[in-house]
Structure formats: structure tokens, C-alpha cells
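**Q** Submitted below is the structure of interest, expressed as C-alpha cells.
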Amino acid sequence: MRRSKFLGSSKLGCPHWGRALLALGAFLASGCATAGQIAGDLRAKATADHLPEVVACWERSFEAAGFRGAYLATVDFVVKPDGHLGSVEVRELRDEASGEPVTSLDDASELRTCVEDAFASSTIPPLSTGRSIAFVGYRVALRDGTQAARSAASERGEVLIGPRTNRCQGLYAYDPPRDVSAVETDLEDSRRETERAGRDRTRLARALQRQYDLTLELAERLAVEGKAEGLSDASRKKYRKELVRARQAAADLGERIGCPAP
4 MRRSKFLGSS
14 KLGCPHWGRA
24 LLALGAFLAS
34 GCATAGQIAG
44 DLRAKATADH
54 LPEVVACWER
64 SFEAAGFRGA
74 YLATVDFVVK
84 PDGHLGSVEV
94 RELRDEASGE
104 PVTSLDDASE
114 LRTCVEDAFA
124 SSTIPPLSTG
134 RSIAFVGYRV
144 ALRDGTQAAR
154 SAASERGEVL
164 IGPRTNRCQG
174 LYAYDPPRDV
184 SAVETDLEDS
194 RRETERAGRD
204 RTRLARALQR
214 QYDLTLELAE
224 RLAVEGKAEG
234 LSDASRKKYR
244 KELVRARQAA
254 ADLGERIGCP
264 AP
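Numbered according to this note's numbering, the sequence shown spans residues 4 to 265.
Dropping the structure here:
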């Protein structure tokens, strides 16, 4: 893939934007949009669910390394108005434990190219600016997806792409937890994606995994919200009914993808 180098300057309809440098999750910028708003918008949307090809790169490398190790990639890219990621270049890839660059002599030598190509083929939900934004030196953490890892990545302004060491446990990437309506919206989208997959087995497998994750998340949220104080008896009964339905759906999906009933 041809690599494109760019300076990272961008105009967003504001009075002026200088060099858009995002190394620690913050823009050096002035104008009508704040650094925190844009950085937060990117982190909220550049999630594992929206970057499945990048996740696949990491999972293959993680498995090849004997399920150990973590990496930190420094990536330049442009988020276009439609959410497509273009002008992608992995500037640096380091082993997080040693701090040493990943070279052709390492087991993960193909990871850099894989991540670069994966970003270039990815699309995230459009950013709220409505214009192209160039990110220079953005850090992407390739490590486990535990709560501690998510917190550390958030503090350092990194996008976290973690492995699925147990795909049957679900993957809850939202902290604080989302409400039931938000999960149901994503779940309906995942069902449509499953239908669109057709005979594409790879696409279907990813869509079913996402649907399974979301169904587990929905069941968890229904159980919590159904215990909230102040609910009427009718509302509590409705929550219990929907919880039974969600758990059965999770069990059915789990059987389909080879996971035991939760």
C-alpha cells in the first residue's frame, strides 16, 4: 500500500486551525471546536467494534506470540467526513514491555503493515465536526481489554484495541455503562449486519460475535435497571420479561458460535 505523508493542518470552518497534532489525546488548536471535544469524539468512536480489521491484526499477532506481549503504535491518519480513515501511516510500532521498536527480526514484524492496511480499510462513525480532520502521531494501544487497561489508555489519550482472550465472556467497551435503549439500538444494527453478511463467512462470524456481545450487555443492563428503586410493578414485570428474552437470545447465539450458555 502506498504511504502518504501529511502535515496535519486542517480548516474546519473556524477562524483558524494550526497544526493538528494529537500525541497525547489533545489538539493544539484554536477556534470553535475544543481539543477535548474532538479528542473525546474520536476515542468514543474509534473502538474495537468499529475497527474489526485492526482487531484481527492484533489477535493474530497476540496468538502467534503465545498470548503475551503488548504494543504501542503511533499512527498518522485522516478522518474524512464520512468516517473513512485515509492517508494512513504507522510511524512507529514498539514493544510496550521493552520499549524497543518492532523490526523485521521480530515475530510481530508483519503487525505494522497489517495495522496500517487495516486502518486504511476502516470506517468509524463520522466525527461531529463534519469535516476532514488530520491526526498526527496518534497513539494506539494494542493490549488486553481489561478495565485497568481501558482506564490507563484513557488517561494517556490512546485508542485501545485489545485481544479477545475469551470471546464467550462478552466485550463491554463502555464505561460508564450504557442504558438499555442505547444497547438496543446497537443490537438492532448488528442484526441487520448479520443479515447483510450473506455467504461471507468472515463477515458473518464478526457480525454474530458482535450480536452476541451486545445481547450479553443488554441482559446485564436489564438486570441492573430492573432493580432500580421507584419502578412500578408493571415496569418491573416488563424488565423481567425482557431479561428472560435477552438471556434466551444470548443462549441461542452462543450455541450458534460455539459458546456455552451464560
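Where a beta carbon is used, it is the ideal one built from N, C-alpha and C, also for glycine.
Bridge partners for residue 127 per DSSP, in chain order?
**A** Taking the sequence shown and counting its residues from 1, the one referred to as residue 127 is at position 124. None, per the DSSP bridge assignment.
**Q** Could you give the distance in angstroms between the alpha-carbon of residue 122 and the alpha-carbon of residue 88?
**A** Here residue 122 refers to the residue found at position 119 of the sequence shown. Here residue 88 refers to the residue found at position 85 of the sequence shown. Computed Cα separation, rounded: 6 Å.
**Q** When the Cα atoms are used, what is the spatial distance from residue 206 to residue 236?
**A** To locate residue 206, count along the sequence shown from 1; it is residue 203. To locate residue 236, count along the sequence shown from 1; it is residue 233. Computed Cα separation, rounded: 42 Å.
**Q** How long is the line joining the alpha carbons of residue 98 and residue 146, rounded to whole angstroms?
**A** The residue given as residue 98 occupies position 95 in the sequence shown. The residue given as residue 146 occupies position 143 in the sequence shown. When rounded, the distance between both Cα atoms is 10 Å.
**Q** Residues in the same chain with beta-carbon distance under 7 Å from residue 217, minus the five sequence neighbours each way, listed in chain order, please.
**A** Counting from one through the sequence shown, the residue named residue 217 turns up at place 214. Only 186, 189, 190, 193 meet the Cβ criterion.
**Q** Since residue 255 is in the alpha helix (DSSP H), which residue starts that stretch and which ends it?
**A** Position 252 of the sequence shown, counted from the start, is the residue given in the question as residue 255. It spans 236 to 260 - the alpha helix (DSSP H) in which residue 255 sits, taken as one unbroken run.
**Q** Once you ignore the five residues that flank residue 262 on each side, which residues in its own chain have a CB closer than 6 Å to its CB?
**A** Residue mapping note: residue 262 aligns to position 259 of the sequence shown, counting from 1. The residues are 171.
**Q** Do residue 253 and residue 222 come within 7 Å of each other at the CB atom, strictly closer than that value?
**A** In the sequence shown, the residue the question calls residue 222 occupies position 219. In the sequence shown, the residue the question calls residue 253 occupies position 250. Closer than 7 Å, so yes.
**Q** Residues in the same chain with beta-carbon distance under 8 Å from residue 284, minus the five sequence neighbours each way, listed in chain order, please.
**A** Here the chain covers residues 4 to 265 and nothing more, so residue 284 does not appear.
**Q** Given a threshold of 16 other Cβ atoms within 10 Å of its Cβ, counted over all protein chains shown, does residue 41 qualify as buried or as exposed?
**A** Position 38 of the sequence shown holds residue 41. Residue 41 is buried by the Cβ-count criterion.
**Q** For residue 119, which residues in the same chain have their Cβ closer than 6 Å to its Cβ, ignoring the five residues on either side in sequence?
**A** Position 116 of the sequence shown, counted from the start, is the residue given in the question as residue 119. Within the same chain, residue 119 has close Cβ partners 91, 93.
**Q** Considering only residues of the same chain and omitting the five flanking positions on each side of residue 246, which have a CB-CB separation below 7 Å?
**A** Reading the sequence shown from its first residue, position 243 is the one you call residue 246. If we look at residue 246 and ignore the five residues flanking it on each side, its Cβ neighbours are 222, 225, 226, 229.
**Q** Residue 76 lies in the beta strand (DSSP E); which residues open and close that run?
**A** Here residue 76 is taken as the residue at index 73 of the sequence shown, counted from 1. That run of the beta strand (DSSP E) goes 74 to 82.
**Q** According to DSSP, residue 88 sits in a beta bridge with which residue or residues?
**A** Indexing the sequence shown from 1 puts residue 88 at position 85. BP columns for residue 88 point to 82.
**Q** Would you identify the three-state DSSP class for residue 104, choosing helix, strand or coil?
**A** Here residue 104 refers to the residue found at position 101 when the sequence shown is read from its first residue. Note: residue 104 maps to strand in three-state DSSP.
**Q** Determine the DSSP secondary structure at residue 137, reduced to helix, strand or coil.
**A** The residue labelled residue 137 in the question sits at position 134 within the sequence shown. Reduced to three states, the DSSP call for residue 137 is strand.
**Q** Who pairs with residue 97 in a beta bridge, going by DSSP?
**A** As a first step, residue 97 must be located in the sequence shown, where it is residue number 94. DSSP, once it has assigned bridges, lists 75, 104 as partnering residue 97.
**Q** On the DSSP letters alone, give me the boundaries of the alpha helix (DSSP H) that residue 209 sits inside.
**A** Position 206 of the sequence shown holds residue 209. Its alpha helix (DSSP H) spans residues 204 to 228.
**Q** Please name the residue in 82, 136, 130 whose C-alpha comes closest to that of residue 124.
**A** Counted from its first residue, the sequence shown places residue 124 at position 121. The shortest Cα separation from residue 124 among 82, 136, 130 belongs to 82.
**Q** Residue 101: buried (16+ other C-beta within 10 angstroms of its C-beta) or exposed?
**A** If you number the sequence shown from 1, residue 101 lands on position 98. Flag for residue 101 reads exposed.
**Q** Would you kindly work out how many angstroms separate the C-alpha atoms of residue 255 and residue 137, rounded to a whole number?
**A** As a working mapping, residue 255 is identified with position 252 in the sequence shown. As a working mapping, residue 137 is identified with position 134 in the sequence shown. Distance between the alpha carbons of residue 255 and residue 137: 43 Å.
**Q** How about residue 96 and residue 115: do their beta carbons lie closer than 7 Å?
**A** Your numbering for residue 96 matches position 93 in the sequence shown. Your numbering for residue 115 matches position 112 in the sequence shown. Going by C-beta atoms, residue 96 is nearer than 7 Å to residue 115.
**Q** Within 10 Å of its beta-carbon, does residue 44 have 16 or more other beta-carbons around it, so buried, or fewer, so exposed?
**A** The residue you call residue 44 lines up with position 41 of the sequence shown. With 16 or more Cβ atoms within 10 Å of its Cβ, residue 44 is classed as buried.
**Q** Skipping 5 residues on each side, what residues in its chain have a beta carbon closer than 7 Å to that of residue 264?
**A** Locating residue 264 in the sequence shown gives position 261, counting from the first residue. Within the same chain, residue 264 has close Cβ partners 254, 257.
**Q** So residue 197 is in the alpha helix (DSSP H); what residue range does that whole segment cover?
**A** Along the sequence shown, one-based indexing puts residue 197 at 194. 183 to 200 is the extent of the alpha helix (DSSP H) around residue 197.
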